[in-house]
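Take a look at the structure below.
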Amino acid sequence: MLQLSISHIVVLSLLIRIGFFVFGLYQDKYMTVKYTDIDYVVFSDAAKYVYEGYSPYSRETYRYTPLLAWMLIPTCWGGQWENFGKYIFMISDLITGIIILRLLSGISIAGKKLTMNKVIILSSIWLLNPMVITISTRGSSESVLTVMIMLSLYYLIIKKSIIASGFWLGLSIHFKIYPVIYLPSIMLYLATSGTPFIDLPIVKWVNRTNVKFLITTIATVGVFSGIMYSIYGFEFLYNSYLYHLIRIDHRHNFSVFNVALYYKSALSEITESSLNFYSGNTEKFVMLPQLSISALILPLLFARRDLISCIFIQTFAFVTFNKVITSQYFIWFLIFLPHYLARSKLCSQSQILKGILALLLWVISQGSWLYFAYQLEFLGISTFDNGLIFSSCFFYLSNCWILSVFIDDLNNVS
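Here this note's numbering is used: the first residue of the sequence shown is 14, the next is one more, and so on.
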């Protein structure tokens, strides 16, 4: 029987990524539907503007930190350099998987380390996942973000370096806002790592260790954002941060709020002032339950019990209740799934059927949405009223139930 080692799985995952990348080059050249993500074209165009001495925001729809455009400047050099960004994304994707391997190797359950076979199987959820590989090889930048987040956890849990961990989390928050929801969890996780400043309820959670982490994180965000603001001014703040608070996407959006926002955008005039207030602020109101659950309630419940599993459930909840959900967003919580499953009872014989049902619901509800989205975008059939609204609700309710399964499962893990 063939025994796979960690080096085997890493080499295999690298070869698969190279294979996907090469096929993508072929598809881009010879097929009607292109393999390369439109976002990669946006990144490359923004990098070209920077290379020529202009703002990356001269490229319409570029809504990211200028750091990303700076990273991709070599794409302007022509030839195979045009794929430089994809190389960066694939390498980041692979490094993320290697960090997942390292974190899994450090887990102890009932005083015992995970077996090598279990580490390899769990890490394969990321390293050999075709969805993960497709996203990075098509030119999506999510893997750059995931490697920052995983480096933060690696330095926190394995290396015990508070400053390095805070730096990487701060950089990830600068890169894309949502990792800020991990800050309360890590602060609570570190609450038992030192002597509290004041021994009073709630206040006793504050100590030198988590204050150092907080200061490092905030300082990192401040320094990088300050530099970008000094160069690009308000357009940096608006496009990188403020835009995402009012963002409305009608395409490629799994969110249950998608249809409501679609109809909102079509409203020409609402005479009732109270109705106008609520409909005009839909995208702001939906953030209240999202942030309450993902950034407050879940950290209070689980952060000190199992940090990475808590972060997994936080991220799953954040995506579920977000007003915009695309396939790339699933990557946000998939990086933590191997760690969560390492301790989960959903993989046990008594709970395996519930785990399979959760997986099937997640896949089928996505499939139903994609069916109607395909009709809308490729066939030109309007499916908002008679398909997308129902499939979006199905996907949302399925995710809510799956979230409850995860919460109940983690609550019962000793």
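C-beta atoms are modelled at their ideal positions from N, C-alpha and C, and glycine is treated no differently.
Helix, strand or coil for residue i, going by three-state DSSP, please let me know.
{"i": "K42", "result": "helix"}
{"i": "N412", "result": "helix"}
{"i": "K336", "result": "coil"}
{"i": "S121", "result": "strand"}
{"i": "N12", "result": "A query on residue 12 cannot be resolved here, the shown segment of the chain reaching from 14 to 427 and no further."}
{"i": "K126", "result": "strand"}
{"i": "A82", "result": "helix"}
{"i": "T49", "result": "coil"}
{"i": "R30", "result": "helix"}
{"i": "Q364", "result": "coil"}
{"i": "K172", "result": "coil"}
{"i": "S395", "result": "coil"}
{"i": "T284", "result": "With a pLDDT of only 45 at T284, under 50, the local geometry of the prediction cannot be trusted, and no value is derived from it."}
{"i": "I348", "result": "coil"}
{"i": "Y67", "result": "coil"}
{"i": "F298", "result": "helix"}
Are residue i and residue j close, meaning C-beta to C-beta below 9 Å?
{"i": "Y62", "j": "S68", "result": "yes"}
{"i": "S149", "j": "D52", "result": "no"}
{"i": "L258", "j": "M300", "result": "yes"}
{"i": "S165", "j": "L182", "result": "yes"}
{"i": "I120", "j": "Y167", "result": "no"}
{"i": "G32", "j": "T49", "result": "no"}
{"i": "T109", "j": "T45", "result": "no"}
{"i": "F188", "j": "L80", "result": "yes"}
{"i": "M161", "j": "P192", "result": "yes"}
{"i": "I310", "j": "S137", "result": "no"}
{"i": "S156", "j": "E95", "result": "no"}
{"i": "E248", "j": "Y70", "result": "yes"}
{"i": "L196", "j": "F237", "result": "no"}
{"i": "L27", "j": "L17", "result": "no"}
{"i": "A359", "j": "V418", "result": "Sequence check: residue 359 is Leu here, not Ala. Going by C-beta atoms, L359 is nearer than 9 Å to V418."}
{"i": "N266", "j": "I338", "result": "yes"}
To the nearest whole angstrom, what separates the beta carbons of residue i and residue j, a pair I think is in contact under 8 Å?
{"i": "F346", "j": "S307", "result": "In fact, because the Cβ distance is near 11 Å, the residues do not count as touching under 8 Å."}
{"i": "S206", "j": "T230", "result": "S206 to T230, Cβ: 16 Å. No contact."}
{"i": "G98", "j": "L116", "result": "With a Cβ gap of about 27 Å, G98 and L116 do not count as contacting."}
{"i": "F34", "j": "M103", "result": "7 Å"}
{"i": "S322", "j": "F315", "result": "7 Å"}
{"i": "I186", "j": "V234", "result": "5 Å"}
{"i": "F325", "j": "Y353", "result": "4 Å"}
Cα-Cα, which of the options is closest to residue i?
{"i": "R317", "options": "G235, L423 and P143", "result": "L423"}
{"i": "D106", "options": "I146, Q362, L416 and I170", "result": "I146"}
{"i": "I377", "options": "S340, T396, S404 and M129", "result": "S404"}
{"i": "Y342", "options": "S322, S268, A177 and H352", "result": "S268"}
{"i": "L201", "options": "V224, D421, F180 and S185", "result": "V224"}
{"i": "Y75", "options": "I175, A177, T128 and S253", "result": "S253"}
{"i": "N142", "options": "K358, E65, P351 and F419", "result": "P351"}
{"i": "L227", "options": "F180, A273 and G91", "result": "F180"}
{"i": "N335", "options": "N271, S381 and V236", "result": "N271"}
{"i": "K173", "options": "C89, L203, T339 and L274", "result": "L203"}
{"i": "G124", "options": "Y100, R356, D41 and S238", "result": "R356"}
{"i": "S340", "options": "G380, L370 and Q364", "result": "G380"}
{"i": "L274", "options": "Q364, L392, L401 and R72", "result": "L401"}
{"i": "S198", "options": "I344, Q327 and F397", "result": "Q327"}
{"i": "I194", "options": "W83, Q93, L255 and L320", "result": "L320"}
{"i": "P302", "options": "I19, C413, M129 and L17", "result": "C413"}
{"i": "I415", "options": "Q364, K42, G91 and L370", "result": "L370"}
{"i": "E9", "options": "A60, V55 and L372", "result": "Only positions 14 to 427 of the chain appear in the structure, and residue 9 is not among them; the question remains open."}
{"i": "G91", "options": "G66, S118 and A60", "result": "A60"}
Flag residue i as yes if its beta-carbon sits less than 9 Å from any beta-carbon of chain C, otherwise no.
{"i": "I104", "result": "The displayed structure is made up of one protein chain only, and chain C is not part of it."}
Let me check you understand the geometry: is the CB of residue i closer than 8 Å to at least one non-hydrogen atom of the ligand NAD?
{"i": "G37", "result": "As presented, the structure is devoid of all ligands, the ligand NAD included, so that no description of it is given."}
- Item | Minimum length 4: unbroken alpha helix (DSSP H) runs contained in the region 138–185 | Those alpha helix (DSSP H) runs which fall completely within the region 138–185 and span 4+ residues are 143–150 and 155–170.
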